[in-house]
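Numbering (our numbering), first residue to last: 21 to 407. Input: a single structure, listed below in structure tokens.
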């Protein structure tokens, strides 16, 4: 393991609350005191009930995916880590959605089983400047491990380089900074099978449209590896397998809040659209609002990520008909395990993927519990019982 050392003191900034029941410390930084340390007495793995399936995605450098099911910390390894008095922090690109909250929860719970203290969680608010400042502040805390998802792989690279040069073990979610190499600059990157989820969303769309119709695609207009894979997979599957479905509208979003505006523009230009694919659930909620404003009850929408808003719409049997779901809680578990590999000097695969999950109304309730490792919210449960 690389030796850690303090890189210097930095001006403290406000760190916004993220995660489950986190408590505030001085300067509103997030101190993880909500989960009690309880070192594991059995091997640590992701949930064995997650279905095994073929993984389509490749890593940021074209690496072949290794299934997260292969990761494990033995009881002996966990005990060794727990004796090291290690600390970790989590620097999110954005902490205000169900996906982020679930990842944070999985990370915190797994680190608690390893005896690793999570000293802070930060919310980058989709701002390069905010995330870079967050990372500099965290480096003043004498970290051993940083788990993070870059807001932008190019613009944040210098901030992560400071962490790497300080001897901090880096594990990334979904994307890696420009110029970083696995095994040298960072431990590993963990992702859902985003390509596989795009394939699922395409097949769900085709099934709902009886394999014919005109559709639009709302993509992420950014240099972002995982969202690019989703859209590529969706469009390739539609174009190659469903010749009677035509993609007639395409428009990008820069921010999650752009979903409603972009969907409104699409539906204004083409009110006869039969379906919309939206790159993830938050902008999909905006597309739902646009569909309701236009009274398009039959517009089929498919997306990625089982957020509470799209799950509620699906439970009501409205526009959301198919979801390719990530498993963010277990992605967090996998990231913590890989951090443990680094602390043990154990070789880690450069790219790890959690298998995709197809969600329809028929399996919505069990899918929620699998995705979030928690009970279905009463509102969703109640809507399912109405119909």
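Cβ coordinates follow ideal geometry from the N, Cα and C atoms, glycine included. Note that the structure is a prediction, hence the values are computed from the model and not measured.
Item, Value
"Residues bridged to residue 343 (per DSSP)", "323, 379"
"Backbone CA spacing between residue 371 and residue 396 [nearest angstrom]", "31 Å"
"The stretch 225-240 in contact with the stretch 265-282 per 3-pair CB rule at 8 Å", "yes"
"Inter-residue spacing [alpha-carbon to alpha-carbon] between residue 334 and residue 379", "10 Å"
"Nearest candidate by alpha-carbon position, reference residue 328, set 71, 146, 116, 406", "116"
"Distance CB(residue 8)-CB(residue 75) smaller than 8 Å", "With the chain represented from 21 up to 407, any question about residue 8 goes unanswered, as that position is not in the structure."
"Whole-angstrom C-beta distance between residue 66 and residue 374, which should lie under 8 Å", "7 Å"
"Residues near residue 215 by beta carbon distance below 6 Å, same chain, minus five either side", "76, 77, 249, 253"
"The stretch 347-360 touching the stretch 120-129, judged by at least three CB pairs closer than 8 Å", "yes"
"Inter-stretch contact at 8 Å, needing at least 3 Cβ pairs: the stretch 192-199 / the stretch 169-184", "yes"
"Nearest-angstrom Cα separation, counted from residue 145 out to residue 168", "13 Å"
"Stretch-stretch touch, CB-based, cutoff 8 Å, three pairs: the stretch 135-149 with the stretch 203-214", "no"
"Per DSSP, cross-strand counterpart(s) of residue 107", "137"
"Inter-stretch contact at 8 Å, needing at least 3 Cβ pairs: the stretch 233-250 / the stretch 268-277", "yes"
"Cutoff 6 Å; reference residue 46; Cβ partners in own chain excluding five residues on either side", "At residue 46 the pLDDT is 30, less than 50, meaning the model places this residue with poor confidence; the figure from the coordinates comes in the next sentence. Contacts found: none."
"Check: residue 364 C-beta below 7 Å from any heavy atom of the ligand FMN", "As for the ligand FMN, it is missing from this structure, which has no ligand bound."
"Neighbourhood of residue 103 by C-beta, 8 Å cutoff - its chain only, sequence neighbours within 5 removed", "135"
"Alpha-carbon spacing of residue 69 relative to residue 241, whole angstroms", "35 Å"
"Span of the alpha helix (DSSP H), counted from its first residue to its last, around residue 57", "Counting along the chain, residue 57 falls outside any alpha helix (DSSP H), and DSSP gives it neither H nor E."
"Which residues DSSP lists as bridging residue 193, in chain order", "210"
"Buried or exposed by the 16-neighbour rule on C-beta atoms within 10 Å, applied to residue 406", "exposed"
"Neighbour-count burial assignment, residue 97, 16 or more Cβ in a 10 Å radius", "buried"
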